[in-house]
Amino acid sequence: MKFTLLSISLLALLGMTLSLPAQANSKYYGAHLCGYSGFKCIQVKRGDTWAKLFPDKRKREIVKRLNRTNVALRHRSWIIVPTNLDSINHMDMSPFPDRIEATGKRTI
66 MKFTLLSISL
76 LALLGMTLSL
86 PAQANSKYYG
96 AHLCGYSGFK
106 CIQVKRGDTW
116 AKLFPDKRKR
126 EIVKRLNRTN
136 VALRHRSWII
146 VPTNLDSINH
156 MDMSPFPDRI
166 EATGKRTI
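Residue 66 is where the sequence shown starts when you use my numbering, and the numbers rise one by one after that.
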């Protein structure tokens, strides 16, 4: 009994230890997107605002949704911006398809 409990505890501790670096790197949503070719990271400078960086409201809303934030930029040190910002809309950033065909069955 003691051996089983000790084994389970050690496995749990090992699992938490191995997952710490992954959790530390993914502290903020979007940090992993900096490595993709379709995105760029922009360093936020003191005095920057959403309106200053993105005067066009449509572009500003897309970048805010991508960064999952609606707070002032003074709370952020960097943001993710898509490189093709002129040619996309907010649905292009969605993880779901534009249309879902009905199957005739209840999903929920």
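No residue lacks a Cβ here, since even glycine has one placed at the ideal position from N, Cα and C.
As the structure is a prediction and not an experimental result, all values here were calculated from the model.
> Taking only runs of the alpha helix (DSSP H) that begin and end inside the region 103 to 139, which ones reach a length of at least 4 residues, in chain order?
Replying inline: 115 to 118, 122 to 131
> How should residue 132 be labelled, buried or exposed, when 16 other C-beta atoms within 10 angstroms of its C-beta is the threshold for buried?
Replying inline: buried
> On the premise that residue 126 lies in contact with residue 97, defined as a C-beta separation below 8 Å, what is that separation, rounded to the nearest angstrom?
Replying inline: Going by Cβ atoms, the distance from residue 97 to residue 126 rounds to 22 Å, so no, they are not a contact pair.
> Does the beta-carbon distance from residue 145 to residue 95 come in below 8 Å?
Replying inline: yes
> Where does the unbroken beta strand (DSSP E) through residue 147 begin, and where does it stop?
Replying inline: 143 to 147
>> Quick check on DSSP: helix, strand or coil for residue 198?
In response: The requested residue 198 is not part of the displayed model; the chain covers only 66 to 173.
> Among residues of its own chain, excluding the 5 on either side of residue 143, which ones have a beta-carbon nearer than 7 Å to its beta-carbon?
Replying inline: 106, 107, 108, 109
> Cβ atoms of residue 113 and residue 150: under 8 Å apart, would you say?
Replying inline: no
> Cβ of residue 148 within 8 Å of Cβ of residue 119?
Replying inline: no
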